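Residue numbering for the sequence shown follows this note's numbering, starting at -1 and increasing by one per position.
Yeah, the Cβ is synthetic: ideal placement off N, Cα and C, and Gly gets one too.
Keep in mind that this is a model prediction, so the values were computed, not measured.
See structure below.
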Amino acid sequence: MKKNKYYLTTAIPYANADPHIGFALEILYTDVMARYQRLLGKDVYFLTGTDEHGQKMFKTAKEAKERVDKYAAQKSALFQNLADQWNITNDDFIRTTEMRHMELAQKFWEAAEASGDIYKKKYKGLYCVGCEAFKTEKDLVNGVCPDHPNPPSTIITLEEENYFFRLSKYQEPLEFLFEKNSEKR
């Protein structure tokens, strides 16, 4: 009998700092779920890793007076060591700077672009430097990000041209899929 496949992944945190308790809990909880699914007889694939791109990565490496690739490798190793030290049962650890990741990301991009799923437009909004995320007025407390209330993490107005994924194209098929499989949630 063929085993049901079960895929799990953690978020891939920025490798701009040492692992913190939030990631430690996330990888631990994901490991518990992976072990449980294996006990149920499922063919589990458990992935974790680190993201080594972005403004925060560049800024932190520059402040440490390190080359970004060297700094990212040092910090990424701490995340991988955490998984090893805790005997986490992940099947793979991926770094976004690895060639295998870059090649597959490029293939995904090209396929999404060819099918019209990617579009470019300008966007302007409130941006939390600490979260590296856009916020709405209702997300803020007294005009400040509740997760990053102290400088240097501040809210700025940012306007940029960016690429977006046309998720709305898949709304109906996804709703159908979720409804059809509601008992599996």
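Query raised in the report: Taking C-beta to C-beta, are phenylalanine 91 and glycine 52 nearer than 8 Å?
Result: In terms of Cβ geometry, phenylalanine 91 and glycine 52 do not form a close pair [threshold 8 Å].
**Report entry** Host alpha helix (DSSP H) of lysine 3 (start-end)
**Finding:** Unbroken run through lysine 3 is the beta strand (DSSP E), 3 to 7; no alpha helix (DSSP H).
Report task. Report yes or no: do three or more beta-carbon pairs, one from the segment 52 to 66 and one from the segment 17 to 31, lie closer than 8 Å? Result -> No contact exists between the segment 52 to 66 and the segment 17 to 31.
Report task. Kindly indicate which residue of Leu45, Leu37, Gly114 and Met31 has the alpha-carbon position closest to the one of threonine 8. Result -> The shortest C-alpha separation from threonine 8 is found at Leu45.
**Report entry** Buried/exposed call for proline 147, threshold 16 Cβ in 10 Å
**Finding:** Using a 10 angstroms sphere on the CB of proline 147, the tally of other CB atoms stays under 16, which defines it as exposed.
Report task. From the DSSP output, in three-state form, read off glutamate 130 for me. Result -> In this structure, glutamate 130 counts as coil in the three-state DSSP scheme.
**Report entry** Test item: CB-CB of glutamine 96 and alanine 70 under 8 Å
**Finding:** The amino acid at residue 96 is misidentified as glutamine; the sequence shows glutamate. In this structure, alanine 70 does not lie closer than 8 Å to glutamate 96 by Cβ.
Query - For phenylalanine 132, the nearest candidate out of Arg36, Glu157 and Leu76 (CA to CA) - result: For the residues Arg36, Glu157 and Leu76, the minimum Cα distance to phenylalanine 132 belongs to Glu157.
Query raised in the report: How big is the Cα-Cα spacing for glycine 20 and lysine 3?
Result: Between the alpha carbons of glycine 20 and lysine 3 lies a gap of roughly 27 Å.
Report task. Starting from the C-beta of arginine 33, find all residues in its chain whose C-beta is less than 8 Å away, skip the five residues before and the five after it, and write them out in chain order. Result -> So the qualifying residues of the chain are Thr87.
Query - Straight-line Cα distance separating leucine 80 from valine 66 - result: Each residue's alpha carbon lies about 21 Å from the other.
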